[in-house]
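Novice: This is the structure I have questions about; it appears just below.
In our numbering, the protein residues as written are 3 to 85.
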């Protein structure tokens, strides 16, 4: 019983204090839609690591767009920030 309670507490602590780099591993794309697009467009399958790689690319593009919005003095990221 003590083990179960400690396990729950430690998981909550880990989740609460995760570093920003750990939360950046979250997938930002809808995997099923990505796989369907690739299959319908090219008749190809999608490797398991494609979603995390594409999420990294999207994350980098968003970071740049955020900086562009900040440099323009805005708190809203707009389409033009991605160019």
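C-beta: ideal position from N, C-alpha, C; glycine also.
With distances taken Cα to Cα, identify the nearest neighbour of residue 47 among 34, 62, 83 and 79.
Specialist: Here the question's residue 47 lines up with position 45 in the chain shown. Checking every option, the nearest Cα to that of residue 47 belongs to 34.
Novice: With a threshold of 16 other CB atoms inside 10 Å of the CB of residue 74, please say whether the residue is buried or exposed.
Specialist: Indexing the chain shown from 1 puts residue 74 at position 72. Residue 74 should be labelled exposed.
Novice: Among the candidates 51, 53 and 36, whose CA atom is the shortest distance from the CA of residue 45?
Specialist: Position 43 of the chain shown, counted from the start, is the residue given in the question as residue 45. Looking at the Cα atoms, 36 is the closest of the given residues.
Novice: Exposed or buried, what is residue 83 when buried is set at 16 or more other beta-carbons lying within 10 Å of its beta-carbon?
Specialist: For the purposes of this step, residue 83 is taken as the residue at position 81 of the chain shown. Burial call: buried.
Novice: Could you spell out the range, first to last residue, of the alpha helix (DSSP H) harbouring residue 71?
Specialist: In the chain shown, the residue the question calls residue 71 occupies position 69. 52-73 is the span of the alpha helix (DSSP H), which, as asked, contains residue 71.
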